[in-house]
Amino acid sequence: MNKEVIINNLQDIFRDIFDEDTLIISYKTSPDELNSWDSLNHILLMSAVQEEFNLKIGIEEMQLLVNVEDIVNMIINKIN
Amino acid sequence: MEDNLEYPLNINYILRKKKLLKRKLLNKGDFIPKNIAILGGSSTSEIINILEIFLLKNGIKPSFYESEYNKFYEEAVFNIDNLAKFNPDIVYIHTTNKNILIYPNLKDTENDVKILLENELEKYKLVWNSLLKLNCSIIQNNFDNIVDRSLGNLDFSDIHGQTFFINQLNNAFSENARVIENLYINDINYLSSYLGLKNWFDRVLWYQAKYALSMSAIPELVFNITKIINSIFGQTKKCLVLDLDNTCWGGVIGDDGLDKIVIGKNSALAEAFTSFQIYVNELKKRGIAIAVSSKNDIDNAKEGFRHPETVLEFSDFVAFKANWDEKYLNILDIASELNIGVDSIVFIDDNPMERDLVSSQIHKITVPNIGEKIEKFIDYIDKNGYFEPTNLIDEDIHRNKYYQDNNQRVLEKANFHSYDDFLLSLNMSASIKTFSTLHVDRIIQLTNKTNQFNLTSKKYTFGEIKSLCLNKDYIKIYGKLFDKYGDNGVVSLIIGRIQTSVCHIDLWLMSCRVFKRGMEFAMLDEFVNQCRGQKVVEIRGYYFKTSKNKMVSKLYEKCGFKLIELSDGKSSWALKIKNYKNINKTIRLDYE
Chain A
0 MNKEVIINNL QDIFRDIFDE DTLIISYKTS PDELNSWDSL NHILLMSAVQ EEFNLKIGIE
60 EMQLLVNVED IVNMIINKIN
Chain B
0 MEDNLEYPLN INYILRKKKL LKRKLLNKGD FIPKNIAILG GSSTSEIINI LEIFLLKNGI
60 KPSFYESEYN KFYEEAVFNI DNLAKFNPDI VYIHTTNKNI LIYPNLKDTE NDVKILLENE
120 LEKYKLVWNS LLKLNCSIIQ NNFDNIVDRS LGNLDFSDIH GQTFFINQLN NAFSENARVI
180 ENLYINDINY LSSYLGLKNW FDRVLWYQAK YALSMSAIPE LVFNITKIIN SIFGQTKKCL
240 VLDLDNTCWG GVIGDDGLDK IVIGKNSALA EAFTSFQIYV NELKKRGIAI AVSSKNDIDN
300 AKEGFRHPET VLEFSDFVAF KANWDEKYLN ILDIASELNI GVDSIVFIDD NPMERDLVSS
360 QIHKITVPNI GEKIEKFIDY IDKNGYFEPT NLIDEDIHRN KYYQDNNQRV LEKANFHSYD
420 DFLLSLNMSA SIKTFSTLHV DRIIQLTNKT NQFNLTSKKY TFGEIKSLCL NKDYIKIYGK
480 LFDKYGDNGV VSLIIGRIQT SVCHIDLWLM SCRVFKRGME FAMLDEFVNQ CRGQKVVEIR
540 GYYFKTSKNK MVSKLYEKCG FKLIELSDGK SSWALKIKNY KNINKTIRLD YE
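If you're matching them up, the sequences are chains A and B in order.
Residue 0 is where the first sequence starts when you use numbering that gives the first Met the number 0, and the numbers rise one by one after that.
Residue 0 is where the second sequence starts when you use numbering that gives the first Met the number 0, and the numbers rise one by one after that.
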């Protein structure tokens with residue numbers, strides 16, 4: 000799975016969780032930029048990512064994921 | 000879309016699309032408003048989000064009160080006035096084993112453990128007693144089992160074990176629920192076992208956000224709470240209407256006969272049908288009305304419940320409709336006879352077409368998509384909580400008698416455009432052709448097995464079929480039927496014998512799977528067509544009565560034949576081909 004596919008899938012997840020059909024995410028998208036990206040939604044995002052990409056994210060890792068780029072890199076590391 | 004909120008829940012869909020689900024459900028309008036207070040012993044915000052969706056689906060628009068994090072005790076006991084202002088209809092107390100603060104110490108005596116138990120219980124009793132002043136219903140979790148057991152299996156039996164402690168507390172909870180009228184236990188001990196503790200509890204989520212259950216368990220928890228709430232508000236179902244063939248037993252009673260239907264203990268499949276009957280019987284014993292709506296002759300249908308190993312008997316049913324009318328008409332009759340709303344009825348049928356027809360004609364009836372595997376049927380009834388009771392009272396246990404006595408018939412008007420419209424929606428196509436020696440096996444099988452739609456019940460040997468395949472004086476056609484559910488295979492046969500420009504129908508049969516679909520008309524059209532090609536001027540049809548083929552006694556009349564002879568269960572019919580016009584209206588012919 001390449002970066003483009005990952006970010007597309009990720010974008011679908013973001014659109015569902017934040018309920019915005021037209022949301023466009025970029026590597027720089029972060030909780031600072033997206034107001035509704037609070038701690039509960041972060042957990043929901045992580046749950047959905049684990050489910051979608053069939054991987055597990057540890058406690059420490061989860062706290063280090065502060066923007067979309069981090070999430071994409073984490074996914075690439077785990078699935079390859 | 001709402002299917003995702005029924006058993007089996009589509010967990011990932013619910014968690015990801017909850018906001019979309021909420022918006023769509025809100026558009027439906029027509030809700031009963033209710034105030035629901037959630038007092039948590041751990042995080043509850045996502046529980047509330049999902050609970051809202053499930054309640055909206057059930058026609059309840061909730062306003063929520065959410066306690067501060069892990070303040071269930073303080074808010075119920077010391078801050079009851081605040082809660083009183085909210086005026087809750089229901090208070091849900093979401094506590095779990097994470098709320099048990101003091102477990103027995105290994106040095107504790109039996110008496111020490113008893114005191115610890117009483118102290119723990121006292122906390123909850125204070126909560127319940129305080130809430131009772133609000134005159135609302137209380138839904139209280141019992142305790143889930145712990146995942147980590149340093150005592151191993153001994154944790155269950157030793158008085159110092161945490162599992163032992165939890166089991167004692169759960170017993171005390173059930174005692175209290177028997178005494179306190181408005182207290183209902185949400186059995187998360189069962190739920191977590193059913194889901195598996197390792198799926199139920201997620202350490203990371205607990206450390207990180209103090210959820211005492213995993214994200215994927217939240218919809219299941221909420222689904223369970225919703226069943227209790229439905230029951231409290233009297234929204235549970237009252238009547239289970241069953242199909243017979245391949246639902247109450249395996250096989251087709253009309254074709255296979257009593258000795259061939261599958262029920263009892265002789266095979267795994269027979270056991271599965273027996274388990275289903277046992278489950279239905281349990282529902283019946285506690286006051287759920289059970290009824291039958293089946294396309295069958297009444298005598299055949301009744302006979303099935305005289306099988307030596309049947310669990311259910313004819314007298315168990317408060318209404319028994321076995322005929323060739325459409326099932327939705329029978330179900331409307333059942334509803335008016337029992338004087339209940341169609342929204343109180345659950346209909347179980349292994350045939351997807353029948354399910355679709357009933358649910359499309361009766362707007363508020365519940366028709367779960369149970370599939371066709373008997374071993375899965377119980378789950379669809381049980382896990383959807385259609386018949387969830389809040390308590391058992393004498394009246395429930397005797398209710399069936401009431402239904403049986405109350406036999407008034409008030410006809411309801413059917414919500415129906417036309418049956419043909421429905422048939423057209425099935426998008427049926429048929430392939431009707433002359434059969435060849437390739438089809439001999441299926442033809443022999445059909446002639447041996449088909450007893451209901453079979454005009455002459457004539458049997459053929461392998462050799463006879465082979466030789467008539469090659470004989471030009473026979474018109475022999477088979478029909479395959481396709482619909483939006485798939486290929487039904489070869490379902491109908493007609494064999495005609497030509498003698499001096501008259502064609503005698505020696506055999507006409509059709510599988511019961513496709514009764515009432517118009518396939519017989521398509522078959523006759525093609526048969527007449529081939530007769531024309533052979534310069535036949537008249538067709539003669541014969542009906543030989545058997546114990547099972549009453550349903551086709553009027554078939555020739557319906558197809559425009561004239562009666563020419565009638566004697567002792569036999570009738571002969573004639574049709575002049577010159578005047579015949581095609582009668583099939585619902586099936587598209589596929590000439591390939």
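Using N, Cα and C, we set each Cβ at its ideal position, and we do this for glycine too.
Everything numeric in this text was worked out from a predicted model, so none of it was measured.
> Given that B/Asn3 touches chain A, what residues does it touch there, using C-beta distances under 9 Å?
Replying inline: Along the second sequence, one-based indexing puts residue 3 of chain B at 4. In chain order: nothing, as chain A lies at least about 13 Å away.
> Are the beta-carbon atoms belonging to B/Leu334 and B/Ile586 less than 9 Å from one another?
Replying inline: For the purposes of this step, residue 334 of chain B is taken as the residue at position 335 of the second sequence. For the purposes of this step, residue 586 of chain B is taken as the residue at position 587 of the second sequence. Sequence check: residue 334 of chain B is Ala here, not Leu. It is not a contact, given that the beta carbons lie outside the stated cut-off.
>> Quick check on B/Thr235: does DSSP put it in helix, strand or coil?
In response: On the second sequence, position 236 is the one that residue 235 of chain B refers to. Looking at B/Thr235 - three-state DSSP - the assignment turns out to be coil, as it is neither helix nor strand.
>> Residues of chain A with CB closer than 8 Å to the CB of B/Ala208, please, in chain order.
In response: Counted from its first residue, the second sequence places residue 208 of chain B at position 209. Residues of chain A passing the Cβ test: Ser38, Leu39, Ile42.
> By the criterion of Cβ-Cβ separation under 7 Å, what are the contact partners of A/Ser46 in chain B?
Replying inline: To locate residue 46 of chain A, count along the first sequence from 1; it is residue 47. Near A/Ser46 (Cβ distances below 7 Å), the residues of chain B are Leu14, Met214.
> Expressed to the nearest angstrom, what Euclidean distance is found between the alpha-carbon atoms of B/His438 and B/Gly540?
Replying inline: On the second sequence, position 439 is the one that residue 438 of chain B refers to. On the second sequence, position 541 is the one that residue 540 of chain B refers to. Rounded to whole angstroms, B/His438 to B/Gly540 spans 24 Å at the Cα level.
> Mapping DSSP to helix, strand and coil, what is B/Ala211?
Replying inline: Position 212 of the second sequence, counted from the first residue, corresponds to residue 211 of chain B. In the structure shown, B/Ala211 sits in coil (DSSP, three-state: anything other than H, G, I, E or B).
> Terminal residues of the continuous alpha helix (DSSP H) containing A/His41?
Replying inline: Position 42 of the first sequence holds residue 41 of chain A. Per DSSP, A/His41 belongs to the alpha helix (DSSP H) from 38 to 52.
>> Please state the DSSP three-state secondary structure of B/Phe543.
In response: Indexing the second sequence from 1 puts residue 543 of chain B at position 544. Residue state, collapsed to three classes: strand.
> Beta-carbon of A/Glu50 versus every beta-carbon of chain B: anything under 9 Å?
Replying inline: Looking up residue 50 of chain A in the first sequence gives position 51. A/Glu50 counts as touching chain B.
> Are B/Phe222 and B/Ala211 close, meaning C-beta to C-beta below 9 Å?
Replying inline: Reading the second sequence from its first residue, position 223 is the one you call residue 222 of chain B. Reading the second sequence from its first residue, position 212 is the one you call residue 211 of chain B. Taking 9 Å as the Cβ cut-off, B/Phe222 and B/Ala211 do not qualify as a contacting pair.
> Is the region 316 to 328 of chain B close to the region 441 to 454 of chain B, with three or more CB pairs under 8 Å?
Replying inline: no
>> Using a Cβ-Cβ cutoff of 7 Å, what residues of the region 16 to 46 of chain B are near chain A? List them in chain order.
In response: Lys16, Lys18, Leu19, Ser44, Glu45
> Does the beta carbon of A/Asp69 sit closer than 9 Å to a beta carbon anywhere in chain B?
Replying inline: As a working note, residue 69 of chain A is residue 70 in the first sequence. Closer than 9 Å: no.
>> Please state the DSSP three-state secondary structure of B/Arg441.
In response: Residue 441 of chain B sits at position 442 when you count from the first residue of the second sequence. Residue state, collapsed to three classes: helix.
> Measuring CB to CB, does B/Phe30 end up less than 9 Å from B/Ile10?
Replying inline: In the second sequence, counting from the first residue as 1, residue 30 of chain B sits at position 31. In the second sequence, counting from the first residue as 1, residue 10 of chain B sits at position 11. In this structure, B/Ile10 does not lie closer than 9 Å to B/Phe30 by Cβ.
> In chain order, what residues of the same chain have a beta carbon less than 6 Å from the beta carbon of B/Glu463, not counting five sequence neighbours either side?
Replying inline: As a position in the second sequence, residue 463 of chain B is number 464, starting the count at 1. Nothing meets the Cβ criterion.
>> With a threshold of 8 Å on Cβ separation, who are the neighbours of B/Pro87 within its own chain once the five nearest residues in sequence on each side are excluded?
In response: Residue 87 of chain B sits at position 88 when you count from the first residue of the second sequence. So the list reads Asn34, Ile35, Ala36, Tyr64, Leu133, Cys135, once near-sequence residues are dropped.
> Would B/Leu196 count as contacting chain A if we go by Cβ distances under 9 Å?
Replying inline: Counted from its first residue, the second sequence places residue 196 of chain B at position 197. Not an interface residue.
>> As an exercise, report each continuous beta strand (DSSP E) stretch of at least 3 residues that is fully enclosed by the region 214 to 301 of chain B, in chain order.
In response: 238 to 241, 288 to 294
>> The beta strand (DSSP E) that contains B/Val501, what's its start and end?
In response: The count along the second sequence starts at 1 and reaches residue 501 of chain B at position 502. It spans 501 to 509 - the beta strand (DSSP E) in which B/Val501 sits, taken as one unbroken run.
> What residues in the region 16 to 36 of chain A have a beta carbon less than 7 Å from any beta carbon of chain B?
Replying inline: Ile16, Asp18
>> For B/Phe514 and B/Lys294, which I take to be in contact (beta-carbon distance under 8 Å), what is that distance rounded to the nearest angstrom?
In response: Here the question's residue 514 of chain B lines up with position 515 in the second sequence. Here the question's residue 294 of chain B lines up with position 295 in the second sequence. The Cβ separation is near 6 Å, so the contact holds.
> Taking all protein chains shown into account, do 16 or more other C-beta atoms lie within 10 angstroms of the C-beta of B/Arg354, making it buried, or fewer, making it exposed?
Replying inline: Within the second sequence, residue 354 of chain B is the residue found at index 355, counting from 1. Buried: at least 16 other Cβ atoms inside 10 Å.
> Between which two residues does the alpha helix (DSSP H) carrying B/Pro7 extend?
Replying inline: Here the question's residue 7 of chain B lines up with position 8 in the second sequence. Premise fails: B/Pro7 is in no alpha helix (DSSP H) and is neither H nor E.
> When you compare only the Cα positions, how much space is there between B/Asn265 and B/Leu24?
Replying inline: As a position in the second sequence, residue 265 of chain B is number 266, starting the count at 1. As a position in the second sequence, residue 24 of chain B is number 25, starting the count at 1. Computed Cα separation, rounded: 47 Å.
>> Can you pull the chain A neighbours of B/Asn592, defined as C-beta to C-beta under 9 Å?
In response: In the structure as shown, chain B starts at 0 and stops at 591, and residue 592 of chain B therefore has no counterpart that could be examined.
> How would you label B/Ser42, buried or exposed, when you count the other beta carbons within 10 angstroms and need 16 or more for buried?
Replying inline: As a working note, residue 42 of chain B is residue 43 in the second sequence. When all chains shown are included, B/Ser42 counts as buried.
>> Looking at the strands, I want to know which residues DSSP matches up with B/His592.
In response: The first residue shown for chain B is 0 and the last is 591, placing residue 592 of chain B beyond what the model contains.
>> Any beta carbon of chain A sitting closer than 9 Å to that of B/Leu55?
In response: Locating residue 55 of chain B in the second sequence gives position 56, counting from the first residue. It does not; no Cβ of chain A falls within 9 Å.
> If you follow the alpha helix (DSSP H) that B/Tyr418 is part of, which residue opens it and which one closes it?
Replying inline: Stepping through the second sequence from its first residue, residue 418 of chain B is reached at position 419. Per DSSP, B/Tyr418 belongs to the alpha helix (DSSP H) from 418 to 424.
> Beta-carbon of A/Met61 versus every beta-carbon of chain B: anything under 9 Å?
Replying inline: One-based indexing of the first sequence puts residue 61 of chain A at position 62. Closer than 9 Å: yes.
> Using DSSP with H/G/I as helix, E/B as strand and the rest coil, what is B/Trp205?
Replying inline: Position 206 of the second sequence, counting from 1, holds the residue named residue 205 of chain B. Note: B/Trp205 maps to helix in three-state DSSP.
> Is B/Phe53 helix, strand or coil when you go by DSSP?
Replying inline: Within the second sequence, the letter at position 54 stands for residue 53 of chain B. B/Phe53: helix per DSSP, three-state reduction.
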